[in-house]
Amino acid sequence: MSNANIITNRIRQLRFFHHEMTQQELAERAGITRQTVIALEQGKYYPSLELAFRLARVFGVSIEDVFQFDEDSQ
Amino acid sequence: MVLYIPYFIDVYTEPMTALYRFWYVAIGMAVILSVFHAIDSILHLLNRRRGVYAVVDELDQRIQHKAALVSGGLLACMVMIWVIVMMYALPMLGDEVIETSSDGSLSYIAWPITQIMHAVQWLFASFVGAQVLYYGMILGQYRSMSRE
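These protein sequence lines are chains A and B, in that order. Using the working numbering, read the first sequence as starting at 2 and increasing by one per residue. Using the working numbering, read the second sequence as starting at 3 and increasing by one per residue.
If you want it as structure tokens, here you go:
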């Protein structure tokens with residue numbers, strides 16, 4: 002994929018800072034499967050804007066605190 | 003795959019001896035698919051009654067969509083090849099398959115049965131190939147996602 006690692010995320014860290022929230026718990030709260038959480042954390046899947054907002058809302062932060070766009074690696 | 007690879011090898015080497023098997027394999031495939039989807043629907047229904055809902059999220063949808071797109075593309079290509087071959091086969095085979103009446107008009111087409119069987123098997127193989135690719139791609143994508 003040409004845009005690999007351009008968009009990174011801090012889902013793993015945010016889960017840790019939210020009382021070590023499990024992947025399953027995050028999945029249930031965001032309305033997705035645990036498989037998708039795993040794929041997101043590994044950077045194998047870029048979510049839709051809707052899902053990105055839902056994940057940010059689960060952690061109570063802004064979308065840019067969850068996902069970062071690294072322009073330099075383009 | 004275990005069932006269909008030996009079948010298609012047989013069919014394309016000995017089309018006439020494998021003729022009767024076509025119906026068994028075609029009906030067998032319809033039965034396998036029907037039973038698979040029936041069991042799947044019953045299990046979904048039972049789970050819903052127990053209040054368990056299988057979450058199908060956007061990743062699942064994307065995986066299924068990609069698999070459907072690729073397998074649909076393969077099926078379309080195979081059918082297109084079949085149509086093109088059919089279009090050009092008659093003029094290329096010429097007198098061997100087209101027989102004319104005494105007044106010179108086209109009376110009927112004498113198509114060899116082996117070639118008809120090959121044509122039918124090609125379409126059947128396209129369908130089987132598309133199905134295998136569809137489920138194979140879904141499986142492969144989930145496996146690659148779960149790999150570290």
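The beta carbon of each residue, even a glycine, is placed where N, CA and C say it ideally should be.
#1: Can you look up T23 of chain A in the DSSP assignment and give me helix, strand or coil?
#2: Whole angstroms are fine: how far does the CA of Q133 of chain B sit from the CA of F10 of chain B?
#3: Determine the closest residue to Q143 of chain B out of B:I118, B:H120, B:D59, B:I65, with distance taken between C-alpha atoms.
#4: With a threshold of 16 other CB atoms inside 10 Å of the CB of Q14 of chain A, please say whether the residue is buried or exposed.
#5: Thinking C-alpha only, which one of A:I39, A:Q43, A:V59, A:S49 is nearest H20 of chain A?
#6: Between the beta-carbon of V72 of chain B and the beta-carbon of M147 of chain B, is there less than 7 Å?
#7: Tell me the rounded alpha-carbon separation between I44 of chain B and F38 of chain B.
#8: Given this structure, state the Cα-to-Cα distance separating R11 of chain A from D62 of chain B, to the nearest angstrom.
#9: How long is the line joining the alpha carbons of A127 of chain B and I41 of chain B, rounded to whole angstroms?
#10: Taking the straight line between their C-alpha atoms, what separation do you get for I29 of chain B and R35 of chain A?
#11: I need the DSSP call for V134 of chain B, collapsed to helix, strand or coil.
#12: How would you list, in chain order, the residues of chain B whose beta-carbon sits under 7 Å from the beta-carbon of I12 of chain A?
Looking at the coordinates:
#1: coil
#2: 15 Å
#3: B:I65
#4: exposed
#5: A:V59
#6: no
#7: 10 Å
#8: 22 Å
#9: 25 Å
#10: 38 Å
#11: helix
#12: Near I12 of chain A there are no residues of chain B at all, since even the closest Cβ is about 14 Å away, more than 7 Å.
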